[in-house]
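**Q** Numbering (full-length UniProt numbering), first residue to last: 1 to 84.
1. Would you tell me roughly how many angstroms separate the C-alpha atoms of residue 32 and residue 16, rounded to the nearest one?
2. Is it right to say residue 53 is buried, meaning 16 or more other beta carbons lie within 10 angstroms of its own, or is it exposed?
3. Find the nearest neighbour of residue 70 within the set 1, 7 and 3, judged by alpha-carbon distance.
4. CB residue 55 to CB residue 75, shorter than 9 Å?
5. Just reading off the beta strand (DSSP E) that residue 26 is part of, what are its end residues?
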């Protein structure tokens, strides 16, 4: 399994719109992908939004959000579970 973490810092006036864009536009594109297992969305008080998506393999990128909603371009990282 591969876990992709996607993080964006929203413009303060665009935070609610960024959350709506992620939940209503970006994530529904993954729901039909057979490699996608699940996704979770988290927000912080400093206008950051994080999406954690789990994939069987080959994680897909979220589309680019409307630039008027973000303070800087989003970042993403892939993780693998550590056996312990």
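The beta-carbon is built from N, C-alpha and C at its ideal position, and this holds for glycine as well.
**A** Let me spell this out:
1. Within the chain shown, numbered from 1, the residue matching residue 32 stands at position 32. Within the chain shown, numbered from 1, the residue matching residue 16 stands at position 16. Cα atoms of residue 32 and residue 16: separation of roughly 25 Å, rounded to the nearest angstrom.
2. By 1-based counting over the chain shown, the position of residue 53 is 53. Buried, by the Cβ-count rule.
3. Taking the chain shown and counting its residues from 1, the one referred to as residue 70 is at position 70. Taking only the C-alpha atoms, the option nearest residue 70 is 7.
4. Working through the chain shown from its first residue, we reach residue 55 at position 55. Working through the chain shown from its first residue, we reach residue 75 at position 75. No, Cβ-Cβ distance for residue 55 and residue 75 is not below 9 Å.
5. On the chain shown, position 26 is the one that residue 26 refers to. Careful: residue 26 lies outside any beta strand (DSSP E) and carries neither H nor E.
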